[in-house]
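The structure appears right after this line, and notes come after that.
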Amino acid sequence: MGIAEFNKGIFRENPVFVMALGLCPALAVSWQVVNALGMGAAVLFVLVGSNVAVALLKDFIPAKVQVPAYIVIIASFVTVVDLTMQAFLPALSASLGIFVQLIAVNCIILGRAEAFAARSTVSSSVLDAFGMAMGFTIGLTAIALVREVLGAGTITLFPIGDFDGTLSVPGLAESPARVMLLPAGAFLAIGYLMAGFNGLKAKLDAKAARRRQAEHDGAPTAV
Amino acid sequence: MQNYVALGGRLAIICAVVALVLGLVNAVTAPVIEQNRQEEREESLRRVLGDREVGDREEVPKTEHEVVRAFYPVGRGGTGAGSYVLELTGQGYGGEMRIFAEVRSDGEIAGAVLRENSETREFGGRAENPDYMERTFVGTGAERAVPTTKGALEDEEAEAVSGATITFRGIGEALAAGSRFVEERL
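Sequences listed follow chains A and B, in order.
Sequence positions in the first sequence follow the numbering used here and run 1 to 223.
Sequence positions in the second sequence follow the numbering used here and run 1001 to 1186.
Below is the structure:
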């Protein structure tokens, strides 16, 4: 346990780019940065809530009815998020649409409940949930940044005070590559980002392996 | 046997707790959500009608009509003005769209707005522009049919909807159904 539980979700086991989980909402809502952030926050809440509940109840839930019990728990957290968003953030709720409700069947969440929380303590489940949700949010935001900047020439965030929430990228705003906003653009963006992410990861892994090798080679002479 | 009772019992306990929590959340959020919807409706009505008033909202059950969700008779007390505001649903590119339209009793579309929708902003999003409805649909429905295909449009209008054919068709079909609804039933 410890910081590694948190870290792994962000990079080494990034749900979007490495494990390719949760791609359905990642493709669908990532045409605007604010959607990505909103979706990330919703997933964070559901993931932390359900991971904690599953870790707490792991001895109470009989193995035979594990999946139905998890689904009930996850769906209830999703409903809480959905209702709260509809009530207090109606604009975000309208633009995320059905994808908030679909968090209930997002494989990241059931996956973490089954593969991690059901075998871990509450505190490491919380760290795991935070890491995975952060990794998901980072992935989604990266896709949304690429798609929105190239496809619309804007970056849409939350309106605060005088700021209306939308930054315009000069040059691109007048003649954007609109294909990036369409589903094809989602696949393009995610494909290139995934390739870049995995390339970086492979490079780092190779570096780590060389370092280990060097230590290993160095060891006998030191004896 | 006993095993099944224990399994079912535990699941029932989980469900009961969940139901209680969701009930509480719903009790807090339901009035706020209702109020949001109410405000949105009022704003849409203002955008279609300006200062004119409407009578009571009458809901149309989904089983009775696929497109028309509700209607309001225009005019104080809701009689004699000869037109209605309809709440319509249409199928768009990004899912369901909601449209408010004023329809005269002969079926003519007198005004329409598209509510916030999940259409791709750069294409279908254009339909949120008031000018769009004005140029494409207002004035149709009686002598001239509501356009639902690009072929029914003048060149310049067709240019305005290009790239958002699905949005255009969705709005056109919803408005056409609304026009028929008023002609036939009201």
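For each residue, glycine too, the CB sits at the ideal point set by N, CA and C.
Compare the beta carbon distance of valine 1113 (chain B) and methionine 1133 (chain B) with 8 Å and say whether it is the shorter of the two.
-> At a Cβ-Cβ threshold of 8 Å, valine 1113 (chain B) and methionine 1133 (chain B) count as neighbours.
Are the beta-carbon atoms belonging to leucine 1086 (chain B) and alanine 1101 (chain B) less than 8 Å from one another?
-> Result yes, Cβ atoms of leucine 1086 (chain B) and alanine 1101 (chain B) sit closer than 8 Å.
Kindly say whether threonine 1029 (chain B), judged by its beta-carbon, lies nearer than 8 Å to any beta-carbon of chain A.
-> Yes, its Cβ sits closer than 8 Å to a Cβ of chain A.
Under a three-way DSSP split, which group does glutamate 1122 (chain B) fall into?
-> Here the model assigns glutamate 1122 (chain B) a pLDDT of 48, short of 50, so the residue's position is not dependable and the matter cannot be decided.
DSSP on threonine 1136 (chain B), reduced to helix/strand/coil?
-> Helix, per DSSP.
Given a threshold of 16 other Cβ atoms within 10 Å of its Cβ, counted over all protein chains shown, does tyrosine 1004 (chain B) qualify as buried or as exposed?
-> Counting Cβ neighbours within 10 Å, tyrosine 1004 (chain B) comes out exposed, since fewer than 16 surround it.
Which one or two residues does DSSP pair with glutamine 1091 (chain B) in a beta bridge?
-> Per DSSP, B:Glu1096.
Any beta-carbon of chain A closer than 8 Å to the one on leucine 1175 (chain B)?
-> No, because no Cβ of chain A sits closer than 8 Å to the Cβ of leucine 1175 (chain B).
Distance, Cα to Cα, glutamate 148 (chain A) vs asparagine 35 (chain A)?
-> Whole-angstrom Cα-Cα distance: 11 Å.
Name the chain A residues whose beta carbon is nearer than 9 Å to that of leucine 1022 (chain B)?
-> Result: Ser76, Thr79, Val80 and Leu83.
Should valine 122 (chain A) and valine 52 (chain A) be called a contact, given that it needs their Cβ atoms to be closer than 8 Å?
-> Cβ atoms of valine 122 (chain A) and valine 52 (chain A): closer than 8 Å.
Between which two residues does the beta strand (DSSP E) harbouring leucine 167 (chain A) extend?
-> Bounds of the beta strand (DSSP E) holding leucine 167 (chain A) are 166-168.
When the Cβ atoms of the segment 77-92 of chain A are set against those of the segment 165-180 of chain A, are three or more pairs found closer than 8 Å?
-> Touching, no.
If asparagine 181 (chain A) and alanine 152 (chain A) are in contact, beta carbons under 8 Å, what's the gap, nearest whole angstrom?
-> What sits at residue 181 (chain A) in the sequence shown is leucine, not asparagine. Confirmed, Cβ separation roughly 6 Å.
In chain order, what residues of the same chain lie with their CB nearer than 6 Å to the CB of proline 1147 (chain B), ignoring the 5 residues before and after it?
-> Closer than 6 Å at the Cβ level, and outside the excluded window around proline 1147 (chain B), lie Leu1153 and Gly1172.
Indicate, with yes or no, if the ligand SAH has a heavy atom lying under 7 Å from the CB of glutamine 1038 (chain B).
-> For the structure depicted, the ligand SAH is absent and the ligand set is empty, with no information on it obtainable.
Run of the beta strand (DSSP E) containing isoleucine 155 (chain A), from where it starts to where it stops | 154-156 is the extent of the beta strand (DSSP E) around isoleucine 155 (chain A).
Please determine, among A:Phe197, A:Ala42 and A:Thr166, the residue with the shortest C-alpha to C-alpha distance to isoleucine 98 (chain A).
-> Residue A:Ala42 is the option with its Cα nearest to isoleucine 98 (chain A).
Reference threonine 154 (chain A), options A:Asp205, A:Leu27, A:Glu174 and A:Ser76, closest by Cα = The shortest Cα separation from threonine 154 (chain A) among A:Asp205, A:Leu27, A:Glu174 and A:Ser76 belongs to A:Glu174.
Starting from arginine 1180 (chain B), follow its DSSP beta bridges and name the residues at the other end.
-> DSSP, once it has assigned bridges, lists no residue as partnering arginine 1180 (chain B).
Starting from valine 78 (chain A) and walking both ways along the alpha helix (DSSP H), at which residues does that stretch end?
-> Where valine 78 (chain A) is concerned, the enclosing alpha helix (DSSP H) stretches over 66-88.
Can you tell me which of the three DSSP states valine 223 (chain A) falls into?
-> Its pLDDT being 46, under 50, valine 223 (chain A) is placed unreliably by the model, and the measurement read from it follows with that caveat. Residue state, collapsed to three classes: coil.
Given 8 Å as the limit, is there contact between the segment 190-204 of chain A and the segment 14-27 of chain A, that is, 3 or more CB pairs closer than that?
-> Contact check between the segment 190-204 of chain A and the segment 14-27 of chain A: three or more CB pairs, one atom from each, fall below 8 Å, which counts as touching.
Return the CA-CA distance between serine 1083 (chain B) and glycine 1139 (chain B), expressed in angstroms with no decimal places.
-> If I take the Cα positions, the gap works out to 13 Å.
Under a CB-based cut-off of 8 Å, is glutamate 1122 (chain B) close to chain A?
-> Low confidence applies here, because glutamate 1122 (chain B) scores a pLDDT of 48, under 50, leaving its location unreliable; read the following figure in that light. Yes, because at least one Cβ of chain A sits closer than 8 Å to the Cβ of glutamate 1122 (chain B).
Closer than 8 Å at the beta carbon, the chain A residues around valine 1025 (chain B) = Neighbours of valine 1025 (chain B) in chain A, taken as residues whose beta carbon is under 8 Å from its own, are Thr79, Val80, Leu83 and Thr84 in chain order.
Do lysine 58 (chain A) and alanine 142 (chain A) come within 8 Å of each other at the CB atom, strictly closer than that value?
-> No; because the gap between Cβ atoms is not below 8 Å, this pair is not in contact.
In chain A, what lies closer than 8 Å to glycine 1095 (chain B) by C-beta?
-> Here the neighbours are Gly97 and Ile98.
Distance, Cα to Cα, phenylalanine 1181 (chain B) vs valine 1068 (chain B)?
-> Cα to Cα, phenylalanine 1181 (chain B) sits roughly 8 Å from valine 1068 (chain B).
At least three beta-carbon pairs within less than 8 Å, the segment 1052-1061 of chain B to the segment 98-107 of chain A | At 8 Å Cβ cutoff, the stretches do not touch.
Under 7 Å between beta-carbons, which chain B residues line up against proline 68 (chain A)? List them in chain order, please.
-> For proline 68 (chain A), the residues of chain B that pass the 7 Å Cβ criterion are Leu1011, in the order they occur in the chain.
Answer with buried or exposed for alanine 26 (chain A), where buried requires no fewer than 16 other C-beta atoms within 10 angstroms of its C-beta.
-> Alanine 26 (chain A) should be labelled buried.
Whole-angstrom C-beta distance between tyrosine 1093 (chain B) and threonine 1149 (chain B), which should lie under 8 Å = Not confirmed; about 16 Å, so no contact.
Going by the beta-carbon positions, is the gap between isoleucine 74 (chain A) and valine 46 (chain A) smaller than 8 Å?
-> Cβ distance < 8 Å, so isoleucine 74 (chain A) and valine 46 (chain A) count as in contact.
Chain A within 8 Å of isoleucine 1033 (chain B), Cβ atoms only = At least one beta carbon of chain A lies nearer than 8 Å to the beta carbon of isoleucine 1033 (chain B).
Could you work out which residue in A:Leu96, A:Leu188, A:Gly165 and A:Leu127 is closest to serine 50 (chain A) when comparing CA atoms only?
-> Among A:Leu96, A:Leu188, A:Gly165 and A:Leu127, the Cα nearest to that of serine 50 (chain A) is on A:Leu127.
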